[in-house]
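Just so we're on the same page, the working numbering is the position in the sequence shown counted from 1, plus 60. Glycine included, C-beta positions come from ideal geometry on N, C-alpha and C.
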Amino acid sequence: MPIVPVVHKEIPVMQTLRTRLARSFKRAHRGMTLLEIMIVLAILALVMGLLVGPKVMAAFGKSKIDTTRIKLSQYANEAYPQWSASHPDKQCPDKLADLNEQMNSKDTNDSWGRPILMLCGPNLPPGVKGLGVMSAGEDGKEGTEDDLKSWD
61 MPIVPVVHKE IPVMQTLRTR LARSFKRAHR GMTLLEIMIV LAILALVMGL
111 LVGPKVMAAF GKSKIDTTRI KLSQYANEAY PQWSASHPDK QCPDKLADLN
161 EQMNSKDTND SWGRPILMLC GPNLPPGVKG LGVMSAGEDG KEGTEDDLKS
211 WD
């Protein structure tokens, strides 16, 4: 009797297991698709917009207030004394723009683009001497809580 080699056939269960493992390995090592990356970036952008956006806008609003306060202080405490020293015959400038050459500026508007108001002479509030300047603030209405004044 001749010897015939026996060829072992794989058991179907083993073949299925091997196929599953190969697919699993391929899935685990394939990269992310462009769509998946874009979805993740969109979610991150949404979260950043909701959490960081309001804080940035609040800081931007505060910077407008601070910038206007500095400008009012410069008009009242730096530009006006220089102007009055060079114009001893006048108590008040004709317009706020007359003080701009002392400030090296041409802009007489506040941070919201509205004109800065000048008070001088009899129009000054009690206790204020020289020049008073004010901004109507963010709402643009005089006499409200958000008004900025050089004498406050």
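- By the Cβ neighbour-count rule, K131 is buried, with 16 or more other Cβ atoms within 10 Å of its own.
- Ranked by Cα distance from G190, the options E205, A102, S144, S165 are led by S144.
- Short of 8 Å from the beta carbon of T127, and not among the five residues preceding or following it, lie these beta carbons of its own chain, in chain order: S171.
- In the DSSP assignment, M117 falls within the unbroken alpha helix (DSSP H) covering 113-134.
- Assignment of G192 by DSSP, reduced to helix, strand and coil, places it in the strand class.
- Counted as a single uninterrupted DSSP element, the beta strand (DSSP E) harbouring M178 occupies residues 177-180.
- DSSP, reduced to helix, strand and coil, places K209 within a strand of the structure shown.
- The region 155-167 makes no contact with the region 97-106; the number of CB pairs closer than 8 Å stays below 3.
- Ranked by how close their Cα comes to the Cα of S146, the residues S133, G91, E161 have E161 in first place.
- In the structure shown, N160 falls within a helical segment according to DSSP collapsed to helix, strand and coil.
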